[in-house]
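What follows is one structure encoded as structure tokens, with my remarks underneath.
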Amino acid sequence: MTAYEMCMFWDSLDPHFFRDEIIEEILEDSQ
1 MTAYEMCMFW DSLDPHFFRD EIIEEILEDS Q
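Residue numbering for the sequence shown follows full-length UniProt numbering, starting at 1 and increasing by one per position.
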């Protein structure tokens, strides 16, 4: 599962709760 797919998965479950933290972690991991 790619970072993008993971983001879409969490976003579909609960966008407001997960979005900011998940995106921050993905951005840190991808650098």
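Every residue, glycine too, gets a C-beta built ideally from N, C-alpha and C.
Collapsing the DSSP output to three states places MET1 in coil. The beta carbon of ILE23 lies closer than 7 Å to those of CYS7 in the same chain, with the five residues before and after it left out. For GLU25 and TYR4, the gap between their C-alpha atoms comes out near 12 Å.
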